[in-house]
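Colleague: These protein sequence lines map, in sequence, to chains A and B. Be aware that the first sequence starts at 1, since it is given in my numbering, and climbs by one per residue. Be aware that the second sequence starts at 489, since it is given in my numbering, and climbs by one per residue.
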Amino acid sequence: MIRNYDKLIFELSKEGREGYSLPRKQFDGCCMCKGLPENLRRESTPELPEVTEFDVVRHYTNLSNKNFGVDTGFYPLGSCTMKYNPRINEEMAAHPAFTQLHPEAPAECTQGALEVYYNLAASLAEVSGLSAFTLNPYAGAHGELTGLMIMRQYHIQRGDLKRTKVIVPDSAHGTNPASAAVCGLQIVEVKSTANGTVDVEDLKPLLDDTIAGIMMTNPNTLGIFETEIPEISRLVHECGGLLYYDGANLNAVLGKCRPGDMGFDIMHINLHKTFSTPHGGGGPGDGPVGVREGLEHLLPNPQVKKDAEGKFYLDTDETSSGYVSNFLGNFGVIMRAYTYILTLGRENVKMVGPLAVLNANYVKEALKGEYYLPIEGVCKHEFVFDGLADKSTGVTTLDIAKRLLDYGYHAPTIYFPLLFHQSIMIEPTETESKETLDEFIAVMKKVAQEAIENPEVVKSAPHSTPVRRLDETTAARFPKTTYRQMKG
Amino acid sequence: MKYFPHTQQDIEQMLQAAGLKSMDDLYGEIPEQLLFNREFDLPEAMSEVEIRKFFESLGGKNRQLVCFAGAGVEDHYSPSIIAPIISRGEFLTAYTPYQPEISQGTLQYIFEYQSMICELTGMDVTNASMYDGTTATAEAMMMTVAAAKKRNKVLVSATMNPKVKKVVETYALYNGIVVETIAEKEGVTDLAELDAKLQGGDVAGVILAQPNFYGIVEDYTGVAEKCHANKALLVMNANPSALAVLKTPAEWGADIACGDGQSLGIPMNYGGPYVGYLACTNALVRKLPGRIVGSTTDVDGKRAFVLTLQAREQHIRREKANSNICSNQSLMALYVTIYMSLMGHKGLKEVNKLSYAGAHYLAEQLVATGKCTLAFDKPFLNEFAVKTTVCTKKIQAALLEKGILGGVRIADDMLLLCVTEQRTKEEIDLLVETVKNL
């Protein structure tokens with residue numbers, strides 16, 4: 001019955017009910033009713049629900065039961081690194097000695113918080129092989145934008161104003177070109193080779209004095225390591241451009257190789273991927289940006305620094321790339337990531353990449369008979385199938401994804417990357433056990449079998465979820481995005 | 489703690505199944521010079537016992553203060569039940585609702601969030617939330633330019649919170665947008681100057697604040713008409729909590745409303761996570777960045793919710809998208825949704841009344857000390873600026889000794905103070921007494 005719960009919070013509302021607990025009035029004669037001029041006051045009453053605290057608890061608990069998280073089950077969503085989110089991280093982030101700090105509090109009263117920021121930035125620099133990090137950007141896409149601002153500012157400060165183009169591989173995530181465009185850069189696409197890596201021969205003629213840099217992930221969105229990266233780095237640097245590393249796939253190489261050592265100048269890290277801060281249904285994340293030596297001053301303001309006596313302070317650099325956030329980023333997320341690094345410690349951080357890669361290869365090899373693997377060889381943390389091996393069934397990647405929901409799994413990422421028509425992108429992460437992977441492999445094989453023997457059951461999936469396939473066309477044609485619009 | 493389930497036997501079996509001999513084979517294709525071959529310069533693993541002690545000790549280096557600072561971040565009451573609900577793993581550890589059949593929890597609370605934000609702002613439509621108020625305002629600016637097509641100038645009032653203004657200016661710099669400041673006159677936007685600048689016929693958008701940086705509730709009568717007459721869009725950065733009592737951006741005639749949801753019960757968290765909101769009129773919905781949730785039905789006719797109008801977004805439009813926004817600040821949107829559900833319109837109004845009463849009491853008492861005067865003779869809610877006869881550095885230092893965060897320093901003789909429903913008469917009296925004794 002619980003999963004059939006279908007009320008909106010507004011539908012529980014009854015005039016006169018209260019769910020709040022506020023202090024009593026303390027000041028006579030300071031009444032808003034008299035002091036605030038009539039023409040500045042709201043004319044209408046906002047239709048917010050009138051419900052009790054208990055109503056609210058039951059309502060949102062019931063809603064949570066219609067959701068699937070990493071805590072619920074296996075979540076092999078490619079390129080999202082859905083690993084286990086330890087609860088100790090939550091407990092530390094909720095520590096009142098940190099949550100009650102106002103950003104305007106003087107640095108002498110926030111030394112502990114600044115130390116967390118400083119130490120996490122230093123830890124990220126160590127594992128990525130770069131010189132310095134800002135933790136101010138709020139998310140991966142925000143980190144990309146910040147990193148590209150740094151790239152542009154680098155050229156601007158050198159008086160090299162012609163460099164307004166950025167090279168993006170055709171396999172890149174959509175945020176790469178979108179971030180570049182928001183940053184005022186034109187996008188030049190470089191082609192992939194048959195095995196999915198950047199085509200160096202296609203790259204060479206693109207490199208001239210209008211190129212600000214190149215954006216890459218390594219391993220790329222197909223989970224393939226770009227072994228030509230030393231050559232790409234040499235070519236791009238020789239033409240005067242910078243290399244940007246999209247840290248979306250950092251989990252694959254954590255502990256084995258570092259973007260700084262590959263020749264990258266600027267990168268972002270998704271703390272909510274590699275450093276296990278919860279995805280929160282879409283956020284908050286945090287997108288720290290790192291730079292190599294010589295570019296530190298370009299990091300956005302404010303910057304956290306340490307003086308000779310070991311005191312932390314906030315600094316603003318006039319030559320920085322600017323301001324991208326309210327203050328020091330999603331500090332609560334920074335607390336979680338720092339806790340994660342400390343609990344893993346140096347002996348375990350280095351195992352993250354190798355075990356994630358082991359899990360991915362184990363699943364890939366087990367399933368490549370039933371599903372079409374377009375690129376053979378050892379993958380990194382994730383890999384891409386191009387639909388079923390048997391193309392005669394008419395069962396699509398979407399159908400397979402929906403059928404997996406019936407079996408209690410979140411679906412992999414589907415229809416991305418765009419290089420294939422039926423992409424199924426699987427990323428198991430290092431926190432899943434062999435038993436979990438074995439069960440998933442068995443179910444994937446079963447679905448492939450069903451596609452042949454009983455395709456209708458796959459094409460009409462899911463059958464056992466709280467709701468079934470949705471009418472997305474009507475939703476977009478006649479959008480109802482609020483309760484008021486829904487009521488009509 | 490290592491969070492990895494692999495036994496040595498598992499590793500051996502898995503390597504064998506994958507046709508590999510050793511863990512090194514997993515990285516066999518990588519050029520030798522790229523492999524990292526030393527230990528990380530990081531501490532050794534800590535147990536939970538050690539972690540707790542470690543953060544207890546770090547927390548001891550912070551000082552807990554009685555907060556009279558605002559400037560965009562206010563110390564409001566946060567109801568006890570919010571943290572346990574948003575900590576439920578089904579909400580906390582989910583991602584973007586790509587598979588709506590198993591994400592109705594997330595999708596429905598976003599729909600509720602959108603509904604409530606539209607109720608508070610009076611706007612027709614909002615997205616599923618933004619990172620924070622500063623970036624939401626920058627996105628609003630880009631919307632005005634995208635809507636205007638051939639104009640790239642945006643006006644921002646000098647009474648805007650400087651932190652918002654700096655982010656807006658940064659985005660503008662790289663996006664090729666020209667930002668001009670509308671001067672301030674006696675603490676409010678100089679409407680005559682705004683009028684003059686609009687006459688140029690090249691303005692895409694005008695960005696105003698409500699209440700403004702000084703806490704003043706500005707009178708924007710006639711402003712929207714002037715903007716629209718000159719084909720410019722009006723953006724209002726408004727404190728959503730205050731909108732329970734203040735004339736809404738829609739009632740002022742704004743095209744876009746934006747701001748930070750922190751005032752809706754989110755702890756101060758040393759600057760984040762908060763949640764930005766961005767709402768607009770129906771006419772602008774195609775320019776609105778980010779996720780939007782709509783209602784629909786499933787194949788059995790059951791009511792359900794789904795991400796909609798996705799043709800606007802980066803994963804479809806790539807470099808042609810108006811924004812690079814990929815996700816939202818979902819869990820914090822849930823935070824404020826639960827807050828708004830609990831408070832209802834009466835509770836939110838009460839929060840404003842209590843904060844108003846405290847702020848006005850503090851203002852009266854400070855003026856009575858003879859050391860302060862109100863910087864501006866303008867209506868305010870819960871935040872106000874005072875001119876001081878004593879240097880504000882000295883005032884803040886004296887207050888710090890008493891454990892009080894004495895507002896935000898605007899100048900050597902101007903201080904910005906904020907009062908919420910959490911401040912008691914004793915705390916206010918201690919602040920006043922300390923200033924009086926200087």
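Think of the CB as a built atom: it goes at the ideal place given N, C-alpha and C, for glycine as much as any other residue.
Using the three-state DSSP reduction, which class does A/M1 fall into: helix, strand or coil?
Modeller: In this prediction, A/M1 scores a pLDDT of 42, lower than 50, which makes its location untrustworthy; the coordinate-derived value is nonetheless stated afterwards. Reduced to three states, the DSSP call for A/M1 is coil.
Colleague: Looking only at its chain, what residues have a beta carbon closer than 7 Å to the beta carbon of A/M1, apart from the 5 residues adjacent to it on each side?
Modeller: Because the pLDDT at A/M1 is just 42, under 50, the model does not fix this residue reliably, and the value given afterwards should be weighed accordingly. Taken in chain order, the list of residues that qualify is empty.
Colleague: Taking Cβ-Cβ distances below 9 Å as the criterion, which residues of the segment 58-89 of chain A are in contact with chain B?
Modeller: H59, Y60, T61, N62, L63, S64, N65, K66, N67, F68, G69, V70, D71, T72, Y75, L77, C80, M82, K83, Y84, N85, P86, R87 and I88
Colleague: Give the range of the beta strand (DSSP E) segment to which A/C303 is assigned.
Modeller: Note on residue identity: the sequence assigns Gln, not Cys, to residue 303 of chain A. Element bounds for A/Q303: Q303 to K306.
Colleague: Anything in the segment 357-369 of chain A with a Cβ closer than 8 Å to a Cβ of chain B? List those residues in chain order, please.
Modeller: V357, L358, N359, N361, Y362, K364, E365 and A366
Colleague: Have a look at the DSSP bridge pairing and note the partners of B/L643.
Modeller: B/E668 and B/V694
Colleague: What beta strand (DSSP E) runs, 3 residues minimum, are completely inside the segment 413-479 of chain A?
Modeller: 423-426
Colleague: What is the rounded straight-line gap between the Cα of A/C112 and the Cα of A/T277?
Modeller: The sequence given here has Gly at residue 112 of chain A, not Cys. If you take the alpha carbons of A/G112 and A/T277, they lie about 20 Å apart.
Colleague: Is any beta-carbon of chain A found at less than 8 Å from that of B/H716?
Modeller: no
Colleague: So A/P169 is in the beta strand (DSSP E); what residue range does that whole segment cover?
Modeller: That run of the beta strand (DSSP E) goes K165 to P169.
Colleague: If distances are taken between C-alpha atoms only, which option among A/E439, A/T393, A/Y483 and A/V349 comes closest to B/M489?
Modeller: A/V349
Colleague: Between the beta-carbon of B/L926 and the beta-carbon of B/I892, is there less than 8 Å?
Modeller: It is not a contact, given that the beta carbons lie outside the stated cut-off.
Colleague: Let me know if B/V537 comes out buried or exposed under the rule of 16 or more other beta-carbons within 10 Å of its beta-carbon.
Modeller: exposed
Colleague: Could you check whether the Cβ of A/M1 sits closer than 8 Å to any Cβ belonging to chain B?
Modeller: Only weak support is given to the placement of A/M1: the predicted model assigns it a pLDDT of 42, under 50, and the question is left unresolved by the model.
Colleague: Examine the Cβ distances between the segment 753-761 of chain B and the segment 588-608 of chain B and report whether three or more of them are shorter than 8 Å.
Modeller: no
Colleague: How would you write the range of the alpha helix (DSSP H) that B/Q602 sits in, first residue to last?
Modeller: Q592 to T609
Colleague: First and last residue of the alpha helix (DSSP H) that includes A/N62?
Modeller: Residues E53 to S64.
Colleague: Quick one: what's got a C-beta closer than 7 Å to A/E115's C-beta in the same chain, skipping five residues either side?
Modeller: F312
Colleague: Just the C-alpha distance for B/T825 and A/G377, rounded to the nearest angstrom, thanks.
Modeller: 48 Å
Colleague: Can you check which of these residues, B/T584, B/P567, B/L869 and B/L503, is closest to A/T413 by C-alpha distance?
Modeller: Per the Cα distances, B/T584.
Colleague: Secondary structure at B/I574, three-state DSSP: helix, strand or coil?
Modeller: helix
Colleague: Unbroken beta strand (DSSP E) runs of length 3 or more, entirely within the segment 305-380 of chain A: which are they?
Modeller: As summarised for the segment 305-380 of chain A, the continuous beta strand (DSSP E) elements at least 3 residues long and confined to that stretch are 312-315, given in chain order.
Colleague: In chain order, what residues of the segment 717-731 of chain B put their CB closer than 8 Å to some CB of chain A?
Modeller: L731
Colleague: Tell me where the beta strand (DSSP E) around B/E871 begins and ends.
Modeller: E871 to T876
Colleague: Counting only beta-carbon atoms, is A/A389 nearer than 8 Å to chain B?
Modeller: no
Colleague: On the DSSP letters alone, give me the boundaries of the beta strand (DSSP E) that B/S783 sits inside.
Modeller: V781 to T785
Colleague: For A/R87, which option in A/V333, A/T429 and A/A360 has the closest C-alpha, if you only look at C-alpha atoms?
Modeller: A/V333
Colleague: For a cutoff of 8 Å on Cβ pairs, would you count B/Y849 as touching chain A?
Modeller: yes
Colleague: Is the separation between the beta-carbon of B/I916 and that of B/L850 shorter than 8 Å?
Modeller: yes
Colleague: Let me see if you follow: with CB-CB separation under 8 Å, is B/V781 close to chain A or not?
Modeller: yes
Colleague: Closest to A/S171 by CA distance: which of A/A105, A/R468 and A/S79 is it?
Modeller: A/S79
Colleague: Give every residue of the same chain whose Cβ lies closer than 7 Å to the Cβ of B/T861, excluding the five residues on either side of it in the sequence, and list them in chain order.
Modeller: V855, V874 and K875
Colleague: Leaving out the 5 sequence neighbours to the left and right, which residues in its chain are closer than 7 Å to B/K714 when beta-carbon positions are compared?
Modeller: D683 and L686
Colleague: For A/P96, which residues from the same chain have a beta carbon less than 6 Å from its beta carbon, with the 5 sequence-adjacent residues on both sides left out?
Modeller: none
Colleague: Would you identify the three-state DSSP class for B/N770, choosing helix, strand or coil?
Modeller: helix
Colleague: Any beta-carbon of chain A closer than 8 Å to the one on B/R800?
Modeller: no
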